[in-house]
Structures are given as structure tokens and as C-alpha cells.
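Residue numbers (the numbering used here): 6 to 234.
We put the beta carbon where it would ideally sit given N, CA and C, even for glycine.
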Amino acid sequence: MKKITIAIDGHSSCGKSTMAKDLAKMVGYVYVDTGAMYRAVTLAAMRGGMFGENGSLDTERLKAAVNDIDISFRRDETTGKVETYLNGENVEREIRTIDVSQHVSQVAALPFVRERLVAAQQAMGREKGVVMDGRDIGTVVFPDAELKIFVTATAEIRARRRFKELEAKGMPADYDTILENVQQRDYADSHREVSPLRKADDAILLDNSELTIDEQREWLLEKFKERTE
Numbered sequence: 006m007k008k009i010t011i012a013i014d015g016h017s018s019c020g021k022s023t024m025a026k027d028l029a030k031m032v033g034y035v036y037v038d039t040g041a042m043y044r045a046v047t048l049a050a051m052r053g054g055m056f057g058e059n060g061s062l063d064t065e066r067l068k069a070a071v072n073d074i075d076i077s078f079r080r081d082e083t084t085g086k087v088e089t090y091l092n093g094e095n096v097e098r099e100i101r102t103i104d105v106s107q108h109v110s111q112v113a114a115l116p117f118v119r120e121r122l123v124a125a126q127q128a129m130g131r132e133k134g135v136v137m138d139g140r141d142i143g144t145v146v147f148p149d150a151e152l153k154i155f156v157t158a159t160a161e162i163r164a165r166r167r168f169k170e171l172e173a174k175g176m177p178a179d180y181d182t183i184l185e186n187v188q189q190r191d192y193a194d195s196h197r198e199v200s201p202l203r204k205a206d207d208a209i210l211l212d213n214s215e216l217t218i219d220e221q222r223e224w225l226l227e228k229f230k231e232r233t234e
């Protein structure tokens, strides 16, 4: 069976990462969470005091620091889950907070951040056999990916999923705040100047608003087999 590159793009909080992780595990591919990479840079900027009280970002300081920000992924041997490390520190929990969510679109819109991370992502996927999810994987990172999927769901359903996810982790969560954040990120991601969120012409649309996890898995495996057999 030939190895391919799988690009999964779509709106925030629509389950792209869970979907991509599941698919990678089922077919024995490497999984790369590009959203976590942008969240890690955002966390680094927050920790470095690069955001002002009014939410403004000191882009010059971040530009000077971005090449020293090391992001890697490691599998937790106990849980089997792939977790995000920032300069050698496990930050998987910290990058999922609402504070990071409220700042990440601003960081992800910066050309120098995208250039740095896109190059890293392309290096990770050079040998194929990779599943990568994000906002511009099928349009910018891997425009020649053999399988491209664009995922969406209603904003309300995505906010509800995010709320339940944070609640399950014992993290503070407010549904209305999350819904507002989801809507703001949709607008910011699709209207930014550099690599805006859009469906690639050859991507398959998946609206998972009403799908169960099992139905989604079955759908993904079917599309994978179509491209590899």
C-alpha cells in the first residue's frame, strides 16, 4: 500500500485534531497537530510579556524570539497520546486554555510566524505517511497532498464540544465566552491576509455536526482506502 500525505483543514473546535489522531493511529501514520504549534508560539509570547494589557502584541519582540522557540511532539507512554512540548516543557494543558485561544489567531496571522512553522511542517511530512491538521495544510503546506479534507460544523455545536472538553479536564469554562471566541476565530482565520482559512478546490467537505465518532471514523477510513488501494 502506497504512503500518502493527508491534509485536514477546517474551522476551530470542529474535532480536526481528534479526527487526525484517530486516523493516524488506525493507518499507522505520523500525526502532526499544527494548531498546537501556533498555540505553543502564542503561549511563548504570553509568557514573555509580549501582549499588552489592551491585547496588542509586540510583533518585533516576537520576531526576534521566534527562531529560538522550539516545538516538538512526544508520545506519552502511559496514555499513548501525542503531547506538545515548548522548549522541552510539556505544555499540552496550558496551550488549550481559553486565554491562549483568544490570542492565537493574532499570532497565526503573522507572516514570519507562518513562514517558520510551515517550513517545519513541510520538513515533518517530507517522507509522506503523515496526517496533518490545521488551517492551511491543503492550500499552503501540502498543496499536492493526495487526500485533503475540509471539516466544519455549526458554531454552536463546536462551542458545546469545546465547553465539554474543558469541563472534562477540570478547566474553567463558560459556554457564551467559548461561542464568542469560536465566532471571532472563524472571522479572523478566514479574513487574515496570509494563508486565510479556505477549502482547497480538491478537498472533500465533511460537515460533522450530526456525525458520531464511529460514523466519522468509518467515513475517514473509506476516503483513505480510496486514495491508497
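| Item | Value |
| --- | --- |
| What three-state label does DSSP hand Thr-157 in the structure shown? | strand |
| Alpha carbon to alpha carbon, how far is Arg-232 from Lys-8? | 10 Å |
| For my contact list, Ala-12 and Phe-147 are in at a C-beta cut-off of 8 Å; report their separation, rounded to the angstrom. | 5 Å |
| Does the segment 160-177 come into contact with the segment 34-54, if we say contact requires no fewer than three beta-carbon pairs (one atom in each stretch) closer than 8 Å? | no |
| According to the Cβ coordinates, are Ala-164 and Tyr-180 closer than 8 Å? | yes |
| Taking all protein chains shown into account, do 16 or more other C-beta atoms lie within 10 angstroms of the C-beta of Gly-54, making it buried, or fewer, making it exposed? | exposed |
| Within its chain, find whatever has a CB closer than 7 Å to the CB of Lys-68; leave out the 5 residues flanking it on each side and keep chain order. | Phe-117 |
| Could you give the DSSP three-state label for Glu-88: helix, strand or coil? | strand |
| Taking C-beta to C-beta, are Asn-92 and Asp-75 nearer than 8 Å? | yes |
| Are there 16 or more other CB atoms within 10 angstroms of the CB of Ala-173, so buried, or fewer, so exposed? | exposed |
| Would DSSP call Asn-238 helix, strand or coil? | Since the first residue shown for the chain is 6 and the last is 234, residue 238 is missing from the structure and cannot be characterised. |
| Tell me the DSSP secondary structure of Met-2 in three-state form. | In the structure displayed, the chain extends from 6 to 234; residue 2 sits before or after that span and is not available. |
| Tell me the rounded alpha-carbon separation between Lys-153 and Met-176. | 33 Å |
| Have a look at Ser-214 and Ala-150 and give me their C-alpha separation to the nearest angstrom. | 25 Å |
| Pull up the DSSP beta-bridge partners for Asp-149, would you. | In the DSSP output, where bridge partners are listed per residue, Asp-149 has none listed. |
| For Ile-183, is the classification buried or exposed, using 16 other Cβ atoms within 10 angstroms of its Cβ as the cut-off for buried? | buried |
| Nearest CA to the CA of Val-37: which residue from Glu-94, Met-6 and Ala-125? | Ala-125 |
| Going along the chain, which residues of its own chain have a beta-carbon closer than 7 Å to the beta-carbon of Gly-162, five neighbours each way excluded? | With the sequence shown as reference, residue 162 is identified as Ile, and Gly is not the correct amino acid for it. Excluding positions up to five away in sequence, the list reads Ser-214. |
| Could you spell out where the alpha helix (DSSP H) holding Ser-17 opens and where it closes? | Run containing Ser-17: none; DSSP gives neither H nor E here. |
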